[in-house]
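What follows is a single structure, written as C-alpha cells, with notes after it.
2 protein chains.
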Amino acid sequence: MRDPIPGFYAVIPAGGIGSRLWPLSRADAPKFLHDLTGSGQTLLRDTWDRLAPIAGHDRVAVVTGRAHRAAVERELPGIPDRNVFLESEPRDSTAAIGLAAAILVRREPDVIIGSFAADHVIRGINAFEWAVEQAIAVARAGYICTIGIPPTEPSVGFGYIRRAGELTVEGAREAALVERFVEKPDLATARTYFADRAYLWNAGMFISRADVLLAEIEAQDPVLHAGLVELAEAWDDRDRRGPAVDRIWPTLRKIAIDYVVAEPAAAKGRLAVVPGHFEWDDVGDFASLAKLNSHGRKNDLAILGENARILSDASSGIVVSQTARVISLIGVQDIVVVDTEDALLVTTSEHAQRVKGVVDALKLTGRGDVL
Amino acid sequence: MRDPIPGFYAVIPAGGIGSRLWPLSRADAPKFLHDLTGSGQTLLRDTWDRLAPIAGHDRVAVVTGRAHRAAVERELPGIPDRNVFLESEPRDSTAAIGLAAAILVRREPDVIIGSFAADHVIRGINAFEWAVEQAIAVARAGYICTIGIPPTEPSVGFGYIRRAGELTVEGAREAALVERFVEKPDLATARTYFADRAYLWNAGMFISRADVLLAEIEAQDPVLHAGLVELAEAWDDRDRRGPAVDRIWPTLRKIAIDYVVAEPAAAKGRLAVVPGHFEWDDVGDFASLAKLNSHGRKNDLAILGENARILSDASSGIVVSQTARVISLIGVQDIVVVDTEDALLVTTSEHAQRVKGVVDALKLTGRGDVL
C-alpha cells in the first residue's frame, strides 16, 4: 500500500452514456457501469481502485446523475456520502468538474484536484501513479496539468496535444508546456502526428489547484462560474442543496472543459502536460472494444459476457453477450454482435462509429424504450 | 373451383427438420411449420392449399412424425384422421411414401398417388396444376412420373434430371422419358446443364400408380417392401396399427426414394418427366430464403417476422425475427441474421450452407437444447 498524496482530491465525472456502445451502454446502464475488459468489475470501480490509493479512500469524489446514485454507491461501497455530487441532468464536463472544484475548494482552499473519466481503460498502474505524481507537482506550481499518452498508432479516434518547450518543475521530470490541442484528425494528419514525438493523445485528464481551475472558468465564462459558486455555497447544507441544484444546474452552460479551460489556458502558457507511459483507451466504440479484448491476436473473436454461449466457425471481431442465448457465427469477419434482452446490434469494426446514428434514429422514430 | 381429378390421392411427406435453416427450423418447429414467404401461413398449409383442389379435400394424406401430429391437425383442420400417417421416427422418403402407397392401394387398388414435399415454395398455381394433370396422365399409362423444373440459373443447390426422348401419352403433351438423375453439380457442370435444354431441376415430386411404385420398391428391396405391406395390412385396424408401427417401422431401411425408385426406374425406361413451368424453390438454406424474399431487388434487406423491429443502415441480406427485440444492422452486406428466443445465428449468404455444421457441432457439444 502506498501513502496518499497530501492535499490531493480525485474527481470522477461519471456522466456520459457512451452512445457508440449501444445497445450495451444505455441510459440506465451507462458505459461506466459495465465491465468492458473482463476484469470482473465495472470501469467505474476500476477507476476508483486506481485513484483511491493516490488520493486516499475518503478523498475520491464522483459527479454523476441522480439516476445513477444507487448504482454508484453499490459499486463504491466505501464512498462517503459527502463525496457523491449529484447532477439533476447532464450539463457536460465544465459544469461537472467545476462543481467539484467549487465544493472542494470551500472545504480545503489549497486543494489540488485531478479529474479522471469514469469509463476509460488503463493498464500499467505504476506508470499511471508516476504520471499523476508529476502532474500534481506541476499543479502545485500553479499550472493546470494534463496527462498525454504517447501514441502507439496514428489513431483518428482521439484528439491530440502538441507539446511546446520543457517546463522545469521539481518532481515532474517530463513536464512540458502545451502549445495547443487539436481535434480528432484525418488519417493523413494522424500519420504526421504519429511520426512527430511532440504529439500526445488527449486522455482528458486534468490536474490543477481547484482555485486555479475556477479562476480559468471565471475568466472565460463568469456566469457559469457564478452558478457553480452559488451551488457550492449551498452544497454542504442538506436543506439548501436540492433546491439550489433544481434552480441553478439546468441553467448552466453545457460545454466541454477543453473549450473553457484547457484551450484558453494553453494559449496563455498556463497549461502543462506530462506523458503517461501506460496503456490507455477511452473505448469509444465497438472497434476499440474488440481491439482491447483481442489481446493482440488478429483474426480472433473477442467475447464479452459472463454467460456467453458462443459457437464460432471461421469468424473474427467481437461478441458482447448479455443473454443466455446460443450465438452462432459462421464466416463473418471483423463482425460486431451485441446481444441484449431487448436489442440486437450487428455491424462491423469499420462501421462502429456509426452506432451513434442508430441511437439518434431510434430517438426520432419513437423507439426510445431500448435506449 | 376446379373439379378434383378422379382416382388421384396427394401425399405430403412432412418429415424433414430443415437443419440448414437452424435456428428457425428445429426439432419442434420444422421447416414445414414456418411461413417462409410472408404469405401468412405455413409451407405445409400452402402445400395443402395447392393439392386439395386437385385431389379433393378428403384425398390428401400427410406422413409425419408423431411429435408433429397436433401441429399438422392445427394447420389442416379439415384433414380426415385416416389420412394422417404417423411415423414413430424419421426413416427417410422411401419408407414414408411407400407406407402411404401401401395403405392407399389397399383402399383403392387403382389409385394414383402424387407425393409433394411439405416445405417447398411454388408460385404459379395454374402451371402447377397443368403439370400435375399431365403427370397423372403419364402415371395412368403405367410410368412413374416426376415433374422437372426448367432451370432459371446454373444452380449448384439442386439435383438435375436429364430428359431422353419424347413420350407419347395423351393429355401429357410435354412428357419425356428420363435418361438419368444427377446429383448437385459443381458450378462449371451446372453451367453446361443450364445451357442444355435437356436438363431440368429435380423437384422431388413423384406421381405414379401406387401399385407400380410398390412394385419398384419390391424389385429393389423386398425386405423394405414386405415391411411396408405388413404395416399397411395392420393400418386400418386401430388396435393393431400402433404395435405394428412400433415393431416394424424402426427396422425399415432409411433411404431416399431417388435411389430405390427413381434411378432404377429411369434405368429401365419406366421413369417419365413433365416440365413444371412454375416458380419452385426447396428453400434449402438462408441464401435461398433471402433470394425468395428479396423480390428480385439486389442490395435489399429481406425481413421475415410478424413483429420485426428492424433498423437497417446500408445493409443487405435477410433478417428473420422471432422476437420483439429491436435489431439494428449497420453496413453489413449479404448478411443472414436469425433471431430466436434461445439462439441467434449470424452468417452470410455465402456461408449459408455451413449452418448444418453448426447444428452438428451443437449436438456434439451437448447443446441440443436449442436444436
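Line by line, the protein sequences give chains A and B. To convert, note that position 333 of the first sequence is 333 in my numbering; the numbers rise steadily by one, no gaps. To convert, note that position 364 of the second sequence is 1364 in my numbering; the numbers rise steadily by one, no gaps. C-beta atoms are modelled at their ideal positions from N, C-alpha and C, and glycine is treated no differently. Computed from a prediction, not measured in an experiment: that's the story for all the values here.
For residue i, name the three-state secondary structure that DSSP assigns.
i       : result
B:T1146 : strand
B:I1303 : strand
A:A232  : helix
B:E1179 : strand
A:L200  : strand
B:L1024 : coil
B:V1011 : strand
B:S1316 : coil
A:I335  : strand
A:E174  : coil
A:R247  : helix
B:G1065 : strand
B:S1019 : helix
A:V60   : strand
Quick one: give me the first and last residue of the beta strand (DSSP E) that residue i is part of.
i       : result
A:I310  : 309-313
B:D1281 : 1279-1281
A:T348  : 343-348
A:V166  : The sequence shown places Glu at residue 166 of chain A, rather than the Val named in the question. Start and end: 160-166.
B:I1122 : 1121-1123
A:L99   : From DSSP, A:L99 is part of no beta strand (DSSP E) but of the alpha helix (DSSP H) over 92-107.
B:S1115 : 1112-1115
A:P275  : 271-275
B:L1086 : 1084-1087
B:S1328 : 1326-1330
Less than 8 Å between CB atoms is the rule here; does residue i satisfy it with respect to chain B?
i      : result
A:I147 : no
A:H351 : yes
A:R325 : yes
A:D334 : no
A:A61  : no
A:L311 : yes
A:G142 : no
A:R367 : yes
A:G157 : no
A:V320 : no
A:A29  : no
Using a C-beta cutoff of 8 Å, does residue i count as contacting chain A?
i       : result
B:I1357 : In the sequence under discussion, the amino acid at residue 1357 of chain B is Gly, which differs from the Ile named in the question. Judged by the 8 Å Cβ criterion, B:G1357 is in contact with chain A.
B:A1203 : no
B:V1337 : yes
B:S1208 : no
B:V1370 : yes
B:R1253 : no
B:G1242 : no
B:D1342 : yes
B:I1079 : no
B:G1284 : no
B:S1328 : yes
B:R1354 : yes
B:L1200 : no
Assuming residue i and residue j are in contact, meaning their beta carbons sit under 8 Å apart, how far apart are those beta carbons, in whole angstroms?
i       : j       : result
A:T94   : A:I257  : 5 Å
A:I113  : A:Y259  : Not a contact, Cβ separation roughly 19 Å.
B:V1346 : B:S1019 : Contact doesn't hold; Cβ gap of about 17 Å is too wide.
A:F85   : A:V60   : About 12 Å; that fails the 8 Å criterion.
B:V1338 : B:L1024 : 5 Å
Taking 7 Å as the limit between beta carbons, can you name the residues of its chain near residue i, skipping five residues before and five after?
i       : result
A:D35   : Q41, T42
B:S1088 : R1066, V1245, D1246, W1249, P1250
A:G38   : N293, L304
B:V1326 : R1309, L1311
How far does the alpha helix (DSSP H) with residue i in it extend, from its first residue to its last?
i       : result
A:D360  : 355-364
A:L44   : 43-55
B:E1218 : 1210-1220
A:S288  : 286-293
B:F1194 : 1187-1195
Near residue i, which residues of its chain fall below 6 Å by C-beta distance, leaving aside the five closest residues on each side in sequence?
i       : result
B:R1026 : L1371
B:V1178 : I1161, A1266, L1271, V1273
B:P1154 : A1190, R1191, F1194
A:A164  : L177, E179
A:K363  : none
B:V1223 : none
Less than 8 Å between C-beta atoms, sequence neighbours within five positions excluded: which residues of the same chain meet that for residue i?
i       : result
A:P53   : M1, R2, P4, E129
B:A1314 : I1330, G1331
A:A147  : Residue identity differs from the one stated: residue 147 of chain A is Ile in this sequence, not Ala. Excluding positions up to five away in sequence, the list reads A131, V132, A135, A203, M205, I207, V273, V274, P275, G276.
Should residue i be listed as close to the ligand ZN, given that the test is whether its C-beta is under 7 Å from any heavy atom?
i       : result
B:A1055 : This structure lacks the ligand ZN; in fact it carries no ligand of any kind.
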